[in-house]
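Protein chains: 2
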Amino acid sequence: MISNTIEDIKGFLSDNSIKPSIQRVKIYQFLLNNKIHPTADEIYNRLNAELITLSKTTVYNTLHLFVDKGVVQPIHIEGNEVRYDADFSQHAHFKCNGCGMVYDLHLNLNIQNISELKNFEVKDIQVLMSGLCDRCSNINPIH
Amino acid sequence: MISNTIEDIKGFLSDNSIKPSIQRVKIYQFLLNNKIHPTADEIYNRLNAELITLSKTTVYNTLHLFVDKGVVQPIHIEGNEVRYDADFSQHAHFKCNGCGMVYDLHLNLNIQNISELKNFEVKDIQVLMSGLCDRCSNINPIH
DNA sequence: GTATCTGCAAAACATTTGCAATTCT
DNA sequence: AGAATTGCAAATGTTTTGCAGATAC
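Chains A and E supply the protein sequences, listed in that same order.
The numbering used here puts the first sequence at residues 73 to 215.
The numbering used here puts the second sequence at residues 73 to 215.
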């Protein structure tokens, strides 16, 4: 767990063989500070005010680099867009069909009896739940 | 579990308040017979030989209707495309990073101790694993 | 005959690519 | 200067939309 200061992020990126340009540091810092699983477009729009010459190409380049270097995970909740997450702790995502929010849920996952898996090398498990969050199920109870 | 005969599919679609046009029946039958989580494009290309006037718009319209009526699930493995699955039995998907295949894995999933979930209404859980399948991990062992 | 369904063409949207300008050392 | 990075503009690929023609009851 690294802090979100510029200096710490620079060190973290360097440790992962990523040269810490201002764009890269700011994009990584945005992911640390805003755990909302943003799309490339959301990152671009939010950082564009500060980095006024930022281009979407650079956001895409940077996110691809981060994924290649293993410091960010791409997540696929809706089909036509990729979201990004810098949190590698074991957690599931819960998409509320009411308000659209994506929650992080810290869970213990037990996967049992998958005989089919015996010779498979599992590198990553992603769990996506959907339904109604507490707020939306109170507003609009389905009983 | 319905059979993949035209008559059974017609009945099944009607039971779910979907008027069974030839296009809809053939698309649903394709999903039953080809459990490969196809994209709209793959469905279009495979059915176009038989239904020579089929359009991609109709494939999209039909898949959206199927999802709305709850007879087909959209799955999101890669970010730039939606795949479709008519199998509602509890299973996970395993994407092999070697050959690209998506396997169905029939698993028992235990989700424990999610205190954050107490007032959430979970309607759906999707599990996506990735790594190397048995064939690819033998070809290219990482030890 | 009216409502629904289908399908063409164009538009919209996310992402990628080619390449030139910029930056860093 | 040389190598890496950034960013503009155009292209690509998937999905959506508007609307006209076809189909079904």
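Yeah, the Cβ is synthetic: ideal placement off N, Cα and C, and Gly gets one too.
{"Check": "contact_flag[the segment 192 to 204 of chain A, the segment 100 to 109 of chain E] where n(CB pairs < 8 Å) is 3 or more", "Outcome": "no"}
{"Check": "Distance between V143 (chain E) and H136 (chain E) (C-alpha atoms, nearest Å)", "Outcome": "10 Å"}
{"Check": "Within chain E, partners of S202 (chain A) - CB distance below 7 Å", "Outcome": "K195, D196"}
{"Check": "Test: P146 (chain E) CB closer than 8 Å to a CB of chain A", "Outcome": "yes"}
{"Check": "DSSP three-state assignment for V144 (chain A), whether helix, strand or coil", "Outcome": "coil"}
{"Check": "Sequence-distant residues of the same chain with beta carbon closer than 6 Å to L179 (chain A), five excluded per side", "Outcome": "A164"}
{"Check": "Chain A residues whose Cβ lies nearer than 7 Å to that of I211 (chain E)", "Outcome": "Per Cβ cutoff of 7 Å: no residues; I211 (chain E) is ~12 Å from chain A at best."}
{"Check": "Burial state of F192 (chain A) (16 or more Cβ within 10 Å)", "Outcome": "buried"}
{"Check": "Secondary structure of Q162 (chain A), DSSP reduced to three states", "Outcome": "coil"}
{"Check": "Opposing strand residues paired with L200 (chain A) [DSSP bridges]", "Outcome": "A:H165, E:Q198"}
{"Check": "Contacting residues, own chain, Cβ-Cβ under 8 Å from V97 (chain E) (five flanking each side not counted)", "Outcome": "I78, I81, K82, L85"}
{"Check": "A121 (chain E), buried or exposed, once every other Cβ within 10 Å from all chains shown has been counted against 16", "Outcome": "exposed"}
{"Check": "One or two residues paired with R118 (chain E) in a DSSP bridge", "Outcome": "Bridge partners of R118 (chain E): none, in fact."}
{"Check": "Assigned exposure category for K167 (chain A) - 16 Cβ within 10 Å defines buried", "Outcome": "buried"}
{"Check": "Assigned secondary structure, V131 (chain E) (DSSP; H/G/I helix, E/B strand, else coil)", "Outcome": "helix"}
{"Check": "Nearest-angstrom beta carbon gap, G170 (chain E) and L123 (chain E) [assumed within contact, 8 Å]", "Outcome": "Rounded, the Cβ-Cβ distance is 34 Å, inconsistent with contact."}
{"Check": "Local Cβ density within 10 Å of H215 (chain E), reported as buried at 16 or more and exposed below that", "Outcome": "Its pLDDT being 46, under 50, H215 (chain E) is placed unreliably by the model, and the measurement read from it follows with that caveat. Label assigned to H215 (chain E): exposed."}
{"Check": "Residues near S161 (chain E) by beta carbon distance below 8 Å, same chain, minus five either side", "Outcome": "H178"}
{"Check": "Under 7 Å by beta carbon: chain A residues contacting C205 (chain E)", "Outcome": "F192"}
{"Check": "Where K174 (chain A) sits in the DSSP three-state scheme", "Outcome": "The question names Lys, but residue 174 (chain A) in the sequence shown is Val. Reduced to three states, the DSSP call for V174 (chain A) is strand."}
{"Check": "Within 7 Å of chain E by C-beta, residues of the segment 114 to 146 of chain A in sequence order", "Outcome": "P146"}
{"Check": "Neighbour flag for V199 (chain A) against chain E, beta carbons, 8 Å", "Outcome": "yes"}
{"Check": "Alpha helix (DSSP H) segment containing L218 (chain E), residue limits", "Outcome": "In the structure as shown, chain E starts at 73 and stops at 215, and residue 218 (chain E) therefore has no counterpart that could be examined."}
{"Check": "Helix, strand or coil at E150 (chain E) [DSSP, three-state]", "Outcome": "coil"}
{"Check": "Identified DSSP bridge partners for T111 (chain A)", "Outcome": "A:R155"}
{"Check": "Beta-bridge partners of E193 (chain A), as assigned by DSSP", "Outcome": "E:L204"}
{"Check": "Nearest neighbour of Q145 (chain A), chosen from A:T129, A:R118, A:K195 [CA to CA]", "Outcome": "A:K195"}
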